[in-house]
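Enquirer:
In my numbering, the protein residues as written are 5 to 275.
#1: Looking at the structure shown, is residue 123 part of a helix, part of a strand, or coil, going by DSSP?
#2: Does the contact criterion of 3 or more C-beta pairs under 8 Å hold for the stretch 53 to 65 versus the stretch 111 to 121?
#3: Report the rounded CA-to-CA distance for residue 219 versus residue 47, giving the unit in angstroms.
#4: For residue 50, is the classification buried or exposed, using 16 other Cβ atoms within 10 angstroms of its Cβ as the cut-off for buried?
#5: Taking 8 Å as the cut-off, decide whether the C-beta atoms of residue 216 and residue 192 are in contact.
#6: Go ahead and label residue 179 buried or exposed: buried means 16 or more other beta carbons lie within 10 angstroms of its beta carbon, across all protein chains shown.
#7: Give the secondary structure of residue 205 by DSSP, where H, G and I count as helix, E and B as strand, and everything else as coil.
#8: What three-state label does DSSP hand residue 217 in the structure shown?
#9: Using the rule of at least 16 other Cβ atoms within 10 Å of the residue's Cβ for burial, across every protein chain shown, is residue 106 buried or exposed?
#10: Leaving aside the five residues before and after residue 57 along the sequence, list all residues of the same chain whose C-beta is less than 7 Å from its C-beta, in chain order.
#11: On a CA-only basis, which of 140, 254 and 55 is nearest residue 81? Give me that one, please.
#12: Please state whether DSSP places residue 40 in a helix, a strand or coil.
#13: Would you mind listing the beta strand (DSSP E) stretches within the stretch 161 to 208 that are 3+ residues and don't spill past its ends, in chain order?
#14: With 16 other CB atoms within 10 Å as the buried threshold, where does residue 74 fall?
#15: Within 10 Å of its beta-carbon, does residue 100 have 16 or more other beta-carbons around it, so buried, or fewer, so exposed?
#16: How about residue 206 and residue 172: do their beta carbons lie closer than 8 Å?
#17: Return the CA-CA distance between residue 245 and residue 78, expressed in angstroms with no decimal places.
#18: Output yes or no for whether 8 Å exceeds the beta carbon distance between residue 3 and residue 236.
#19: Please report the straight-line C-alpha distance between residue 248 and residue 227, rounded to a whole angstrom.
#20: Does residue 233 come out as helix, strand or coil in the three-state DSSP assignment?
#21: For residue 227, which of helix, strand or coil comes out of DSSP?
#22: Taking only runs of the beta strand (DSSP E) that begin and end inside the stretch 238 to 275, which ones reach a length of at least 3 residues, in chain order?
Below, the structure written as structure tokens:
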């Protein structure tokens with residue numbers, strides 16, 4: 005909770021402080037304590053990277069607890085996990101913060117090496133990129149105002165539903181419940197929640213862990229409607245055909261799960 009409050013208070017300032025990333029229009033970078041070489045542990049093929057020696061991760065840093073600002077640094081599950089993966093590969097990690105709906109284009113355009121952004125494996129996305137092994141199971145959760153009287157997704161039929169643009173919460177879940185003209189996308193989940201509190205939409209659909217964070221901050225004003233949608237799987241996305249990088253990340257992820265580092269990261273950020 006303290007980390008999330010810091011993120012809300014400092015996110016704007018941190019964005020202004022972040023260095024511009026020349027290859028991504030509108031993107032920002034935040035360093036993440038370079039790991040450097042991991043005692044030469046990685047001995048696989050030379051990796052096809054945007055910048056030699058650097059693993060460039062694209063994300064949208066308004067998705068706590070997976071990515072958010074703490075001071076001038078992007079932290080969270082994905083940031084910590086990718087830092088550990090970079091160290092396994094003997095690489096430095098650079099994190100580029102951009103609009104969520106720009107991530108796929110940045111990856112296919114060669115501006116970033118990997119997407120790590122609480123990113124759900126999805127058939128449409130699989131047409132654009134290759135996915136690593138799954139690393140986290142999530143569900144979409146509905147946020148409504150406490151005085152709404154809504155108790156299930158059926159109550160949202162033909163209602164106005166908000167969420168983060170280009171997420172499965174809107175493209176899949178909201179489309180099941182209401183007409184396309186009633187679905188309103190916002191740049192990040194925080195803006196969608198502000199719209200809900202302001203009466204612009206009747207509900208917000210967002211992944212369960214960020215939903216819990218927003219609910220904790222506004223518990224007097226909001227209600228959660230949980231377990232209304234099927235489970236989803238988070239994975240990292242890499243450019244189509246970049247098989248060596250895909251395999252290297254998968255191998256590193258397997259090692260982090262085996263040695264307990266993965267569980268430590270999850271426990272640090274998800275209570």
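Idealized CB from N, CA, C, for every residue including glycine.
Expert: Looking at the coordinates:
#1: coil
#2: yes
#3: 45 Å
#4: exposed
#5: no
#6: exposed
#7: coil
#8: helix
#9: Flag for residue 106 reads buried.
#10: 95 and 96
#11: 140
#12: Unreliable placement is indicated for residue 40, whose pLDDT of 39 sits below 50; the coordinate value is still reported in the next sentence. If DSSP states are grouped into helix, strand and coil, residue 40 belongs with coil.
#13: Those beta strand (DSSP E) runs which fall completely within the stretch 161 to 208 and span 3+ residues are 165 to 168 and 187 to 190.
#14: buried
#15: buried
#16: Residue 172 sits away from residue 206, with the two beta carbons spaced by 8 Å or more.
#17: In this structure, the alpha-carbon of residue 245 lies about 28 Å from that of residue 78.
#18: Shown here, the chain extends from 5 to 275; a query on residue 3 therefore has no answer.
#19: Approximately 45 Å between the Cα atoms of the pair.
#20: coil
#21: strand
#22: Segments of the beta strand (DSSP E) lying fully in the stretch 238 to 275: 241 to 243.
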